[in-house]
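**Q** Here it is: the structure, laid out below.
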Amino acid sequence: MRKSIVAIVGRPNVGKSTIFNRLVGERVSIVEDTPGVTRDRIYAEAEWLTTAFNVIDTGGIEMSDEPLLVQMRQQAEIAIDEADVIIFLVNGREGITAADEEVAKILYKSNKPVVVAVNKIDNPEMRNEIYEYYALGFGEPYPISGAHGLGLGDLLDTVIGYFPKMHDQESDDETIYFSVIGRPNVGKSSLVNAMLNEERVIVSELEGTTRDAIDTRLNRDDQDFVIIDTAGMRKRGKVYETTEKYSVLRALKAIERSDVVLVLIDAETGIREQDKKIAGYAHEAGRGIIIAVNKWDTVEKNQNTMKEFEQKVRANFQYLDYAPIVFLSAKTKKRLHTLIPAIKTASENHTKRVPTNVLNDVIMDALAMNPTPTVKGKRLKVLYTTQVAIKPPSFAVFVNDPDLMHFSYKRFLENRIRDAFGFVGTPIKIFARKRQ
Ligand code: GDP
Ligand code: GDP
Numbered sequence: 001m002r003k004s005i006v007a008i009v010g011r012p013n014v015g016k017s018t019i020f021n022r023l024v025g026e027r028v029s030i031v032e033d034t035p036g037v038t039r040d041r042i043y044a045e046a047e048w049l050t051t052a053f054n055v056i057d058t059g060g061i062e063m064s065d066e067p068l069l070v071q072m073r074q075q076a077e078i079a080i081d082e083a084d085v086i087i088f089l090v091n092g093r094e095g096i097t098a099a100d101e102e103v104a105k106i107l108y109k110s111n112k113p114v115v116v117a118v119n120k121i122d123n124p125e126m127r128n129e130i131y132e133y134y135a136l137g138f139g140e141p142y143p144i145s146g147a148h149g150l151g152l153g154d155l156l157d158t159v160i161g162y163f164p165k166m167h168d169q170e171s172d173d174e175t176i177y178f179s180v181i182g183r184p185n186v187g188k189s190s191l192v193n194a195m196l197n198e199e200r201v202i203v204s205e206l207e208g209t210t211r212d213a214i215d216t217r218l219n220r221d222d223q224d225f226v227i228i229d230t231a232g233m234r235k236r237g238k239v240y241e242t243t244e245k246y247s248v249l250r251a252l253k254a255i256e257r258s259d260v261v262l263v264l265i266d267a268e269t270g271i272r273e274q275d276k277k278i279a280g281y282a283h284e285a286g287r288g289i290i291i292a293v294n295k296w297d298t299v300e301k302n303q304n305t306m307k308e309f310e311q312k313v314r315a316n317f318q319y320l321d322y323a324p325i326v327f328l329s330a331k332t333k334k335r336l337h338t339l340i341p342a343i344k345t346a347s348e349n350h351t352k353r354v355p356t357n358v359l360n361d362v363i364m365d366a367l368a369m370n371p372t373p374t375v376k377g378k379r380l381k382v383l384y385t386t387q388v389a390i391k392p393p394s395f396a397v398f399v400n401d402p403d404l405m406h407f408s409y410k411r412f413l414e415n416r417i418r419d420a421f422g423f424v425g426t427p428i429k430i431f432a433r434k435r436q
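This is the structure:
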C-alpha cells in the first residue's frame, strides 16, 4: 500500500534538513552496497508510532541558476504536487520574514493540509514566542527543536491526522502495477502515451492518490494492469521538472507503488550516471525490472549494433543482470507491443513460489558441485532452504553459522536458483539464517 508523503518546506537555514534527519533517523545514512548508487538525502522513509510514511526535504532540490526566491517558490510547488501533508518550517528566533510570507502565499493556493512548525524553540520559556506565527494563516503553530528533538511528537500526531484514508485499490494482488522511470527527456511521457494509444483496451482512468496523478487501468488477455503516472507525466510544463533531483524524486515515488518498473534509457544520448542511480533504487526496492532502450530509431545500425549496446548496458548495470533488455522507439512504435508481455513475465516471476522439495534438490546439487567454503577452519553447513516471501522472491538458507556464508557463495546459490527456476526480470533475495 502506498505510504503517505510529507514534504518539508521553508526558507534556507530554518532547519529543514535537521528535521528531515531527525524524522528518518538512521535510514538515510545506510551505506549503499549497490555499486554506482549514491543516496540522495531528500527522500526517505520515516515512522511515527506505528505509521510509516515518506519524507521529502524540498530544500535538497536545488535549481542551480535560479534566484533564491524563485527556488523557494518552486520547492513549495513541488511540495504541493508531491505531498499529502506539508510541514511549513519557520525559524522561531527570527519572526516571520518576507521570504516566509512568499512561501505562505504559494501554500495558500493549494488545498493540501499545511502544518506550521516553529523551529529552534530549544527551551520551554521560548514557547510563548510562537503565537505570532498564527499570522501565517495556517492555524496552530507547533513549537519544535530539531537540534534537541523537542516537540516532534505533537507535530507528527497532527501531521498523521491529516493523512488521506487510503483506499485499498493497491492491495489488489491480481493487478500488475507498473511505471516508467528514467531521467528527464529519455521519453517517459512519449512511451506512456504511445502505449496508451496502442492498447485499445483501456478500461478507465483511476482517480490518483495525489491530486494530479492519473493512473490508467488496462486489460490485456484477461490480465489487469495499471500504469502509474505520477503527477504530471502526461500533463507537464513545470520548470523544475527537468532538474535531476526532481526526476529522482519522481522515480522513487513511482517505484514505491510499482510491482514492475521499466527503466528507460535514451539510445541517442547513451547511458549516464543518473540512469544508474535511478535503476539502482528500483533494484534496491526489490521491484521487477525491465530495461527499455528508447529512441532506437535514432541509432545508425549494422548487424552488431544491438549486441554492442546490450553489452554496454550489461557492463553499466551489472547488478541488473536479471533484467531483460528491450530496444524500442516510442516515436515509431517499434517493438512497443513486446512491453506488456515482458511486464507480465517479470510480474509472474516477481510473485513466483517454488516448491520446497524441488528447491532443496537444487541446493543439494549446487552443494555437490561447489562445496561450501571453510572460514578459519570452520565449514559452512547448509541444512535446508525455504522460500519465505514473494515480491521479490526471498529465500532463507538455514545454516550452522550465517557469518560463514559470504557474498560470493550467496551469489553462487542465487545463480543456481535462477538456472533452475528462471526468475527473469526480478531480483531475488537470499538470507542466511542460523538453524535454531
Ligand atoms: P535548512 O537549510 O533549512 O535545511 O537548515 P539546516 O537543517 O541546515 O539548519 C540550519 C542551521 O540551524 C544549522 O546550523 C542547524 O544546526 C541549526 N538548527 C537546526 N535546528 C535547530 C534547532 O532546533 N535549534 C537551534 N538552536 N539550531 C538549529
Ligand atoms: P520524458 O521527459 O522522459 O517524459 O521525455 P519525453 O517523452 O518528453 O521525450 C523527450 C523528447 O524525446 C521529446 O522531444 C520526444 O519527442 C523525444 N522522443 C521520445 N521518444 C522518442 C523516440 O523513440 N525516438 C525519438 N527520435 N525521439 C523520441
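Its first residue numbered 1, the sequence shown is counted upward by one per residue in UniProt numbering. Glycine residues also receive a C-beta, built at the ideal position from the N, C-alpha and C atoms. A quick note: this is a predicted structure, and the numbers were derived from the prediction, not measured.
Taking the beta carbon of G280 as the centre, do at least 16 other beta carbons fall within 10 Å, making it buried, or is it exposed?
**A** Buried is the call here.
**Q** Can you tell me which of the three DSSP states I19 falls into?
**A** If DSSP states are grouped into helix, strand and coil, I19 belongs with the helices.
**Q** Taking Cβ to Cβ, would you say F317 is nearer than 8 Å to I291?
**A** Yes; because the gap between Cβ atoms is below 8 Å, this pair is in contact.
**Q** Report the option in T372, V362, T345, P371 whose CA atom is closest to the CA atom of T386.
**A** Cα-wise, what sits closest to T386 is V362.
**Q** Beta-carbon within less than 6 Å of S347's beta-carbon, same chain only, minus the 5 sequence neighbours each way: which residues are those?
**A** Excluding sequence neighbours, S347 sits near I176, D259, V260, G288.
**Q** Starting from the C-beta of E62, find all residues in its chain whose C-beta is less than 8 Å away, skip the five residues before and the five after it, and write them out in chain order.
**A** Once the five neighbours on either side are set aside, the close Cβ partners of E62 are Q71, T243, K245.
**Q** Three-state secondary structure (DSSP) at F309?
**A** Helix, per DSSP.
**Q** Tell me which residues share the same chain as F228 and place their Cβ nearer than 8 Å to its Cβ, disregarding the 5 neighbours each side in the sequence.
**A** According to the sequence provided, residue 228 is Ile. The question's Phe does not apply to it. Counting only Cβ-Cβ distances below 8 Å, and skipping sequence neighbours, we find Y177, F178, S179, A213, D215, A254, R257, S258.
**Q** Considering only their Cβ atoms, is the gap separating V55 from F88 smaller than 8 Å?
**A** No. Outside cutoff.
**Q** Quick one: does the C-beta of P184 sit closer than 7 Å to a heavy atom of ligand 2?
**A** It does: the Cβ of P184 is within 7 Å (strictly closer) of some heavy atom of ligand 2.
**Q** Any heavy atom of ligand 1 closer than 7 Å to the beta-carbon of G270?
**A** Incorrect: G270 has no Cβ contact closer than 7 Å to ligand 1.
**Q** Secondary structure at Q303, three-state DSSP: helix, strand or coil?
**A** Three-state DSSP puts Q303 in coil, outside helix and strand.
**Q** For A342, collect the residues of the same chain with a Cβ closer than 8 Å to its Cβ; drop the 5 residues on either side in sequence, then sort them by chain order.
**A** Answer for A342: I290, P324, V326, G425, listed in chain order.
**Q** Taking 7 Å as the cut-off, does the CB of T58 come closer than this to any heavy atom belonging to ligand 1?
**A** Checking the Cβ of T58 against ligand 1 gives no.
**Q** Just to confirm, does A330 get its C-beta within under 7 Å of one of the non-hydrogen atoms of ligand 2?
**A** A330: yes, Cβ under 7 Å from ligand 2.
**Q** How close, in whole Å, do the beta carbons of V248 and I278 come, if the pair is a contact with beta carbons under 8 Å?
**A** About 6 Å; that satisfies the 8 Å criterion.
**Q** Go ahead and label R183 buried or exposed: buried means 16 or more other beta carbons lie within 10 angstroms of its beta carbon, across all protein chains shown.
**A** So R183 counts as buried.
**Q** Enumerated in chain order, which unbroken segments of the beta strand (DSSP E) with a length of 3 residues or greater are wholly contained in the segment 268-354?
**A** You should have 288-294, 325-327.
**Q** If we ignore side chains and look at the alpha-carbon of each, how far apart do A432 and A44 end up?
**A** Taking the straight line from one Cα to the other gives about 27 Å.
**Q** Less than 7 Å between the CB of G10 and some heavy atom of ligand 1, yes or no?
**A** Yes, ligand 1 has a heavy atom inside 7 Å of this Cβ.
**Q** Any chance the CB of D229 is under 7 Å from a heavy atom of ligand 2?
**A** D229 Cβ: outside cutoff for every heavy atom of ligand 2.
**Q** How about H148: is its Cβ closer than 7 Å to a heavy atom in ligand 1?
**A** Answer for H148: yes, Cβ within range of ligand 1.
**Q** Please list the terminal residues of the continuous beta strand (DSSP E) segment that includes S394.
**A** Start and end: 394-399.
**Q** Beta carbon of V226, beta carbon of R217: below 8 Å?
**A** Against a cut-off of 8 Å, the Cβ pair of R217 and V226 comes out as a contact.
**Q** Nearest CA to the CA of V354: which residue from V90, A420, G139?
**A** Nearest option by C-alpha distance: A420.
**Q** Exposed or buried, Q74, counting other C-beta atoms within 10 Å across all chains shown (16 or more means buried)?
**A** Flag for Q74 reads buried.
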